[in-house]
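Only one structure is covered here, and it is reproduced in the block below.
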Amino acid sequence: MSRSLANPPVENPEIPALLPSAPGLFDGYTQSSAFDEMFDAKMQPRRPYRKLHKELLRLTHGELLQNKQKADLSFFHQGITFTVYGRNEATERIFPHDLLPRIISAAEWDVIERGLTQRIIALNLFLKDIYNDRRIVGDRVVPGEIVYTCRHFRRQMIGVKVPRDVYVSVMGTDLVRLPGGRFVVLEDNLRVPSGVSYMLSGRKVMKQIFPTLFRKCGVRPIEQYSQTLLSTLRALAPEGCTDPTIVLLTPGVYNSAYFEHAFLARQMGIELVEGRDLVVHNNMVYMRTTRGLTRVHVIYRRVDDDFLDPLAFRVDSSLGAPGLFSAYRAGSVTLANALGTGVADDKAIYAFVPKMIKYYLDQDPILDNVETLLMWDRVQCAHVADNLHQFVVKAVGESGGYGMLIGPQSTEEGRRNMRDRLLADPRNYIAQPVLALSTAPCFVDGSIAPRHVDLRPYVLFGDKVSIVPGGLTRVALRKGSLIVNSSQGGGSKDTWVLQS
Amino acid sequence: MLSRVADSLYWMSRYFERADNCARVVDASQSLILSRRAITSGERWDRALTMMGLPAGAGGDPHDAIRRLAADGDNRSSIVACLAAARENAAQVREEISAEMWEQLNRLYHEAVGLGVDVQDDESVMRLVAAVREGSYSFHGVSETTMTHGEGWRFVQLGKFTERACAVSMLLDAYFATPGEAEADDLDWVALLASCAAFDCYCKVFTADLQPDRIAELLLLHPEFPYSVHYSVERMYVSLGAITSSSAGRQRAHIGRVIGRLRSSLAFATVPELLAGDLHAFLHGVVEQCRALHAAVHDAYIDYPIEIAFEG
């Protein structure tokens, strides 16, 4: 079976535990049925964590607390904040960051890396296919009905030539680890995935706080992300353009991810532009500078499809530039990601990704999907509607933890509501079993306790696929919570991929 | 540099300068009025309003005047409104200014808002004015030392000195050229100097013997005093030179002509001639030429028609 090959056992049972269970620091650390990232069932640290565990035991609560304060202060000074909108004005909060790193062994990372590479290649082939020849629909592998009814399908993209046939050049895939220790894909984010700035700045802070630990553990670097992103964007320049001008398009300072946009633009040394800075003339895009209009060749856009061009999409959008889509069609400017990529991260389409991989690459998926029931299928829908308390139900086009129902934690009213919506518009929903996301030790409220985590690695695709070893480990900081989104009480952890 | 960014830097700086000027005018007026009988205070407040380009108050009600100058959210020239506008512009360009500049400006804004000025309470007004004075010294110092003196800096400087040249011209106009019922006396002249942070400097240059013509000399024509109109125009000239050096064409020539004319009108003027002639027209001319420069820079670098950009 490809599954066991693809996911080698995390623990080597022959190696005896090196340390007795920890006194003090980990007292009262209770495991659930979920996989724990640091401890095996006997509360012994797993191999990749042994050095960290040993070093942590040298620290007292007081020292940990001090380090935590140092880290928070550093985040605050760097301005690593997100904006919360209140009654009168917006306040800035620091992004909650957990002190204890999440560790991934070299062998585990190898699987993730190969699995994500395979996935981004297949997803790009799918996008090229459905906007051109539609073979996969013709061959009845993916039902056309699901593709064409997707809210993020863009008719305007049919037949548009995209540089290097790369539609998705920045992907943020959410992985979760199941009780057996296996990583599976929870969802693909193919539109404008965010969070990478937290990964980068979190690492910077951790290096200041735990320099010795870094040296001892042998952590692979991630600092090259910005350079890799820049060369990815450069590789996607329109044909014949050797020295492209690249910009980052942001919705503006009031966007909650503005910090990240500014951060990345600065790191790459490119202009941070808003729609109103752009002018389209004769199907070419320019930015308005004090020295006149400067031609723009590649736009790393952090604005959703709908808002990019009021002439082609939403007329009420003031975030984009009129005529941008026409210039894009004409091939004078590259948008990364391309338009219409949202069709492939629709949660109903997601269910077909393993089939896509088989269809386009003739390979078995290296990373599996979570079992997913399509409500579009009448039988499955009826089953789920009658057993809502057992499922997680998600709206297909939503992200950020919105529009979903977690069965076991839901109320009678919530279920009734969901049932009505489900039956009214089955195409718009999928259902998944409730997953026991893995837990990792977190330093919360002065002691160490397990919290659920996921992992979002960032995959770049220009002339080749590159993935910086690591990603954003998101933590559901509320006890028992399964929701890791920052908008709903989530935080992050530094993610260490080991050299060996 | 993006035009939008240059524009925000310019207005950040201009609004900040306006808040600073307004605080000094309120401070000086308050101090002047405390030394006088109440009967003339209305006129003095009306003059303060005129100096800040606002219509005179309803019957010279001092509380109303203070409210409009200090804390009126609807009046875009009030201290608090100007700080809010400066901060709003800074927020758009946090990547261009230094972190310290943002911090200073943000802190000052929150302090000013938090003070909650009560116009009936003289002390609360003085607290606001003192906070702005301190905050402005810090902001200017931090800007000077932490922001790269590149193109963005030129727009910051241009905003600051354009605002200052206009403000000081209007102050002088209010004192010299507008016929007032009450003759200006020593205390009034002290207030004028204080409005420009110029009292110490005046004493150093001319001794404490207050003479209107000398005051005009210092505030209008002195080439080295930072609050004089002449000095401000010289700084504008330097900034404009740097801004226009990268561009060619008609706009550059036009801007060069206007600033050149303005400089020489100040460099070759003498106070006796100005006082004998039409000082009001002269000061009015300075303000008009500053406006013309503002418009020319805006048309050439910020909001230019794209047809022209393609010709050039």
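First to last, the protein sequences are chains B and W. Each residue of the first sequence is one higher than the last, beginning at 630 in this note's numbering. Each residue of the second sequence is one higher than the last, beginning at 869 in this note's numbering. The C-beta atom is built at its ideal place from N, Cα and C for all residues, glycine as well.
Roughly how many whole angstroms lie between the Cα atoms of residue i and residue j?
i, j, result
"Ser947/B", "Met667/B", "48 Å"
"Met786/B", "Ile749/B", "19 Å"
"Lys1108/B", "Arg1080/B", "7 Å"
"Ser1114/W", "Thr1001/B", "60 Å"
"Asp1041/W", "Pro880/B", "45 Å"
"Glu964/W", "Val981/W", "25 Å"
"Gln960/W", "Thr689/B", "44 Å"
"Arg832/B", "Asp1123/B", "6 Å"
"Arg1007/B", "Pro1055/B", "8 Å"
"Pro642/B", "Ser1076/B", "Confidence at Pro642/B is low in this model, with a pLDDT of 43, below 50, so the placement of that residue should be treated as unreliable; the coordinate-derived value is given next. Computed Cα separation, rounded: 29 Å."
"Leu1161/W", "Val814/B", "60 Å"
"Gly1128/W", "Leu922/W", "30 Å"
"Leu983/W", "His682/B", "50 Å"
"Ser1100/W", "Phe1029/W", "5 Å"
Drop a sphere of 10 angstroms on the beta-carbon of residue i, count the other beta-carbons inside from all chains shown, and report buried for 16 or more, exposed for fewer.
i, result
"Leu902/W", "exposed"
"Asp1056/W", "buried"
"His706/B", "exposed"
"Gln698/B", "exposed"
"Leu702/B", "exposed"
"Ser1096/W", "buried"
"Leu745/B", "buried"
"Thr841/B", "exposed"
"Arg872/W", "buried"
"His890/B", "buried"
"Ser1129/B", "exposed"
"Phe1136/W", "exposed"
"Val1010/W", "buried"
"Leu937/W", "buried"
"Cys1071/W", "exposed"
"Arg917/B", "buried"
"Glu903/B", "buried"
"Gln1025/W", "buried"
"Ser1121/B", "buried"
"Gly1119/B", "buried"
Enumerate in chain order the residues of its own chain whose CB-to-CB distance from residue i is below 8 Å, with the five nearest sequence positions on each side excluded.
i, result
"Ala1024/B", "Lys976, Tyr1031, Gly1032, Met1033, Asn1057, Tyr1058"
"Asp940/W", "Ser946, Val948, Ala949"
"Asn753/B", "Asp794, Val795, Tyr796, Val797, Phe1090"
"Arg975/W", "Gly1003"
To which residues of the same chain is residue i closer than 6 Å at the C-beta, ignoring the five residues directly before and after it?
i, result
"Gly1027/W", "Tyr878, Ser881, Arg882"
"Arg886/W", "Cys950, Glu1031"
"Phe1023/W", "Ala874, Leu877, Tyr878"
"Arg676/B", "none"
"Tyr678/B", "Met667, Ile732"
Quick check on this structure: which residue in the options has the alpha carbon closest to the alpha carbon of residue i?
i, options, result
"Asp990/W", "Ala999/W, His931/W, Asp940/W, Phe1044/W", "His931/W"
"Gly830/B", "Pro772/B, Tyr883/B, Gly788/B, Leu893/B", "As written in the sequence, residue 830/B is Ser, which differs from the Gly given in the question. Measuring from the Cα of Ser830/B, the nearest candidate turns out to be Leu893/B."
"Leu1151/W", "Leu870/W, Phe1044/W, Ser909/W", "Phe1044/W"
"Glu979/W", "Arg1001/W, Ala916/W, His1098/W", "Arg1001/W"
"Phe1020/B", "Trp1005/B, Arg1044/B, Val932/B", "Arg1044/B"
"Arg783/B", "Lys987/B, Leu937/B, Pro792/B, Tyr929/B", "Leu937/B"
"Ala916/W", "Glu956/W, Tyr1005/W, Val1036/W", "Val1036/W"
"Val1013/B", "Asn998/B, Leu968/B, Ile995/B, Val1063/B", "Val1063/B"
"Asp1015/B", "Asp997/B, Asn1046/B, Ile986/B", "Asn1046/B"
Thinking residue i and residue j are a contact (beta carbons under 8 Å), I'd like their distance in whole angstroms, please.
i, j, result
"Thr970/B", "Arg820/B", "6 Å"
"Ala1084/W", "Leu1143/W", "7 Å"
"Ala1065/B", "Cys1071/B", "Not confirmed; about 17 Å, so no contact."
"Leu804/B", "Leu1084/B", "5 Å"
"Val932/B", "Glu900/B", "The pair is not a contact, with the Cβ atoms about 15 Å apart (cut-off 8 Å)."
"Ile775/B", "Ile978/B", "6 Å"
"Leu1089/W", "Leu1147/W", "In fact, because the Cβ distance is near 12 Å, the residues do not count as touching under 8 Å."
"Leu865/B", "Arg930/B", "With a Cβ gap of about 12 Å, Leu865/B and Arg930/B do not count as contacting."
Starting from the C-beta of residue i, find all residues in its chain whose C-beta is less than 7 Å away, skip the five residues before and the five after it, and write them out in chain order.
i, result
"Phe843/B", "Lys836"
"Met869/W", "Glu1019, Gly1020"
"Phe1067/W", "Val1058, Leu1061"
"Trp1132/B", "This structure cannot settle anything about residue 1132/B, because the visible part of chain B is limited to 630 through 1129."
"Trp970/W", "Ala958, Arg962"
"Ser1095/B", "Thr857, Leu1089"
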